[in-house]
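What follows is a set of notes on a single structure, which appears directly below.
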Amino acid sequence: MHRFTRRSALAAAAALPAAPATIAAAQPAGGGAWPSRPIRLVIPFTPAGTTDLVGRLTAERLGQRLGQQVVVENRPGAGGNVAGEHVARSEPDGYTLLFTTIGTGAINFAVYGSRMPYKPEDLAAVGLMVRVPNVLMVSNRVPARSIAELIALAKANPGKLNYGSAGVGTSPHVCMELFKIQTGTDLAHVPYRGSAPMLTELMADRLDVGMDNIPSSLAFLREGRLRGLATTGARRSSVLPDLPTMQEAGVPDFEATAWFGVLAPARTPPPIIERLGRELDAIGKEPAFRARMAEFGAEPPALTPDGGSSPEAFAEFLRAEIAKWADVVRRSGARVE
Numbered sequence: 030m031h032r033f034t035r036r037s038a039l040a041a042a043a044a045l046p047a048a049p050a051t052i053a054a055a056q057p058a059g060g061g062a063w064p065s066r067p068i069r070l071v072i073p074f075t076p077a078g079t080t081d082l083v084g085r086l087t088a089e090r091l092g093q094r095l096g097q098q099v100v101v102e103n104r105p106g107a108g109g110n111v112a113g114e115h116v117a118r119s120e121p122d123g124y125t126l127l128f129t130t131i132g133t134g135a136i137n138f139a140v141y142g143s144r145m146p147y148k149p150e151d152l153a154a155v156g157l158m159v160r161v162p163n164v165l166m167v168s169n170r171v172p173a174r175s176i177a178e179l180i181a182l183a184k185a186n187p188g189k190l191n192y193g194s195a196g197v198g199t200s201p202h203v204c205m206e207l208f209k210i211q212t213g214t215d216l217a218h219v220p221y222r223g224s225a226p227m228l229t230e231l232m233a234d235r236l237d238v239g240m241d242n243i244p245s246s247l248a249f250l251r252e253g254r255l256r257g258l259a260t261t262g263a264r265r266s267s268v269l270p271d272l273p274t275m276q277e278a279g280v281p282d283f284e285a286t287a288w289f290g291v292l293a294p295a296r297t298p299p300p301i302i303e304r305l306g307r308e309l310d311a312i313g314k315e316p317a318f319r320a321r322m323a324e325f326g327a328e329p330p331a332l333t334p335d336g337g338s339s340p341e342a343f344a345e346f347l348r349a350e351i352a353k354w355a356d357v358v359r360r361s362g363a364r365v366e
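Read left to right, the sequence shown gives residues 30 to 366 (the working numbering).
Shown next, in the form of structure tokens:
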């Protein structure tokens with residue numbers, strides 16, 4: 030399986046151009062220059078994989094721009110909730126940040142319900158770094174060669190086709206549930222503990238359909254071991270240009286991407302949030318950073334008119350994502366038991 034290692038992430042970060050001179054430090058409430066010591070960026074999953082790669086590249090560049098080391102800390106568990114709760118309960122002083130995913134920032138609030146250990150208002154939006162579309166694919170034994178053919182096959186065999194995801198509440202899971210709602214199809218969900226085992230079963234023809242982030246599936250699609258039918262972004266993926274988007278394939282108003290950004294504990298002083306937001310926006314616009322992200326199909330945040338991000342725009346985006354996926358979860362009945 031194509032994996033991103035810690036070494037490759039750090040090597041990629043080192044290849045980026047040197048940052049410009051650090052601007053004047055923000056002044057948090059209560060006085061004193063910030064940052065005056067290392068910052069922790071908490072990543073909610075284990076090393077390797079898309080989240081860790083983007084998080085480490087972000088930490089490397091942010092540290093250079095701030096003039097202080099940004100230390101990555103991996104805290105996996107409970108679909109990212111272990112890390113989310115840790116940061117939400119941390120001192121709001123700008124020294125502990127969460128590298129959030131669509132799960133920890135939006136989906137988990139719906140699928141975990143009353144079991145969710147923190148609330149959206151416990152974290153403050155700082156900046157969105159990238160979006161990563163998913164890809165719907167089928168086993169090579171499945172005869173469908175287009176979304177239309179898959180829909181027809183599923184409707185002719187209600188409940189008989191299955192689909193795999195990286196787990197309950199993950200972006201691929203709720204994205205596929207949205208597909209079922211939009212197309213009126215009935216496919217049985219088979220959750221796995223991550224993309225790797227799901228992809229293995231799909232290539233072994235023990236699954237019919239799979240939904241996954243593009244980066245972890247890309248090598249298998251290119252090798253022909255899996256057959257991609259469509260991607261889930263607003264436009265075609267630069268790394269899978271021959272695949273239509275869901276909308277192009279005939280599923281109207283379908284857009285769903287995984288995404289990665291930075292959150293801080295609520296009540297973090299506004300000057301720190303603003304400073305972090307400016308630096309993350311600048312990192313996201315660096316040509317070298319964007320080129321590295323584009324290698325595995327990640328797209329710019331595009332929350333502001335210039336294609337970047339800001340704390341205010343990210344906060345609005347989060348509210349919309351939380352509402353969108355809460356509706357999908359409600360209609361589909363998806364829950365973590």
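Glycine residues also receive a C-beta, built at the ideal position from the N, C-alpha and C atoms.
Enclosing beta strand (DSSP E) for residue i [first to last residue]
i	result
residue 194	191–194
residue 127	125–130
residue 293	286–294
residue 167	152–167
residue 259	256–260
Buried versus exposed, by CB contacts within 10 Å (16 or more), residue i
i	result
residue 252	exposed
residue 267	exposed
residue 89	buried
residue 186	exposed
residue 118	exposed
residue 96	exposed
residue 206	buried
residue 122	buried
residue 242	buried
residue 85	buried
residue 81	buried
residue 201	buried
residue 316	exposed
residue 100	exposed
residue 358	buried
Residue j beta carbon less than 7 angstroms from that of residue i
i	j	result
residue 272	residue 291	no
residue 73	residue 109	yes
residue 231	residue 193	yes
residue 261	residue 275	yes
residue 83	residue 289	yes
residue 325	residue 244	yes
residue 240	residue 191	no
residue 114	residue 146	yes
residue 27	residue 363	Because residue 27 is not part of the residues shown, which for the chain are 30 to 366, the question remains open.
residue 127	residue 140	no
residue 166	residue 257	yes
Residue interval of the alpha helix (DSSP H) (run including residue i)
i	result
residue 347	340–361
residue 27	Nothing about residue 27 can be reported from this structure: the residues present for the chain run from 30 to 366 only.
residue 242	Careful: residue 242 lies outside any alpha helix (DSSP H), inside the beta strand (DSSP E) at 238–242.
residue 220	Careful: residue 220 lies outside any alpha helix (DSSP H), inside the beta strand (DSSP E) at 217–220.
Does the region 145–160 come into contact with the region 328–337, if we say contact requires no fewer than three beta-carbon pairs (one atom in each stretch) closer than 8 angstroms? yes
Are there three or more Cβ pairs, one per stretch, closer than 8 angstroms when the region 116–135 is compared with the region 228–236? no
Evaluate the contact criterion for the region 193–204 versus the region 297–315: three or more CB pairs, one atom per stretch, below 8 angstroms. In the pairwise beta carbon analysis, the region 193–204 is classified as not touching the region 297–315: fewer than three pairs are separated by under 8 angstroms.
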